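Residue numbering for the sequence shown follows this note's numbering, beginning at 27 and increasing consecutively.
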Amino acid sequence: MKRPEGFDPPKAEPPQQRKQKKPVRTPATRQQSSTLAKESRVPASAPTERIPRPSRQPRPDAGSRAELKRAARERRKAERAEVRRFTRRTRNRRVALIAVAGVILTLIGIVLTAVYSPILALREVRIEGTSRINAQEVQDALGSQMGTPLALLDAGTIETQLAAFPLIRSYATQTVPPGTLVVTIVERQPVASVATPTGFSLVDPAGIVLQESAEPIAGVPFIDLAGAATDSPAFGAAVEVLLSLPPELLAQVQSVTAHTQDDVTLVLAGVGQRVTWGAADDSAKKAALLSALIAVTDPAQPGEFDVSAPTNGIFRPA
């Protein structure tokens, strides 16, 4: 049944909703929205964006092209010169190395030839400096070296072979190509003779026996050691005195007596004048003093010279 109008209460009005303001679309926004819309409409299989080609540089004129060509030619010329210089330096270094290697090989060949070639083998031994030694005997002793190349001569073997000659004091060897060995000998010089159980021995200053004889040996003084050996101090003192005398005075000495090293006495040839020498100290001064005394003394007058004090000599007539 329909209710009569006027009896229903009035309907409440719905709450008024706040209207949102629409954003104001600027040109940039509109462009961005348009771009996004376009992108959203591009399908996935669309081709990639093409990169524009760079703009071409303007072509140089004729003068610039000529300058570029000239610069290129100069660069190529410089490069070729550098290559030639490097090649020349390498070639020179290679030539130098080859030359050095050739010199070394040549020297090695010469050495091998000198060592092993029979052309330079020993064929002659020449002895020099001997007076008391028989040179032929020395050559015979070295005969085993014949045929040996000069570079391979054994110095030890030569020394052993020459040691058999007591008169040799020292020696020196020299090889003279193509096949000669020169041996220069320094002989021991005799200084006096000494008595031995079997006779007399000629000795040098070191007491080395140079010669033996059953009879007294002429030409050298005789040293009377009163039974002492040639390695005793008495023998050393007597030899030192003899070596200090000048040749003209040494030739007048007939004998020397040395019982001790401080008691040396000389006997001169002629009338047998004696010389009291004393010790071997200051022998050079004593020899000069003795020469002065002999010069003022009658050689036929027997007596004794005393030079034991080198500053005060005296002659005592017998």
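We put the beta carbon where it would ideally sit given N, CA and C, even for glycine. Please read all numbers here as calculations on a predicted model, not as lab measurements.
Given this structure, state the Cα-to-Cα distance separating residue i from residue j, to the nearest angstrom.
i                 : j                 : result
threonine 302     : alanine 263       : 13 angstroms
aspartate 288     : alanine 306       : 7 angstroms
phenylalanine 331 : aspartate 250     : 19 angstroms
proline 223       : glutamate 238     : 11 angstroms
tyrosine 197      : alanine 189       : 11 angstroms
leucine 176       : arginine 149      : 10 angstroms
aspartate 230     : alanine 244       : 15 angstroms
valine 212        : arginine 115      : 60 angstroms
threonine 286     : serine 309        : 16 angstroms
alanine 127       : arginine 110      : 26 angstroms
alanine 161       : isoleucine 124    : 51 angstroms
isoleucine 130    : leucine 268       : 58 angstroms
asparagine 338    : isoleucine 184    : 53 angstroms
phenylalanine 226 : alanine 252       : 14 angstroms
lysine 95         : phenylalanine 112 : 26 angstroms
alanine 147       : glutamate 163     : 21 angstroms
valine 217        : valine 333        : 22 angstroms
Checking the sheet assignment: what are the DSSP bridge partners for residue i?
i              : result
arginine 152   : Val208
glutamine 200  : Val208
glutamate 213  : Ile194
isoleucine 320 : DSSP, once it has assigned bridges, lists no residue as partnering isoleucine 320.
glycine 329    : Pro343
leucine 292    : Val282, Val301
glutamine 237  : Leu228
aspartate 250  : Thr283
alanine 218    : Val229
proline 175    : Ala147
With distances taken Cα to Cα, identify the nearest neighbour of residue i among the options.
i                 : options                        : result
valine 151        : Val229, Gly225, Pro204         : Pro204
valine 322        : Phe341, Ala313, Ala335         : Phe341
alanine 326       : Gln299, Ala313, Leu315, Ser309 : Gln299
alanine 335       : Gly329, Pro343, Asp324, Leu315 : Leu315
valine 235        : Pro247, Pro242, Ala252, Thr256 : Thr256
glutamine 200     : Gly169, Ala218, Ile153         : Ile153
phenylalanine 358 : Leu146, Val137, Gln171, Gln165 : Only positions 27 to 344 of the chain appear in this structure, which leaves residue 358 out of reach.
valine 246        : Ser281, Ala240, Leu271, Leu319 : Ser281
valine 208        : Arg99, Arg117, Arg91, Gln171   : Gln171
serine 317        : Val279, Arg99, Glu93, Val297   : Val279
alanine 221       : Gly233, Arg214, Gln215, Thr210 : Gly233
valine 297        : Pro259, Ser270, Ala344         : Ala344
Between which two residues does the beta strand (DSSP E) carrying residue i extend?
i             : result
valine 301    : 300-304
aspartate 180 : No beta strand (DSSP E) holds aspartate 180; DSSP gives it neither H nor E.
valine 229    : 225-229
Over the uninterrupted alpha helix (DSSP H) stretch that includes residue i, give me the two end residues.
i             : result
glycine 262   : 259-270
leucine 275   : 273-276
glutamine 165 : 161-167
* Any contact of the stretch 157-165 with the stretch 178-185, i.e. 3+ C-beta pairs under 8 angstroms? -> no
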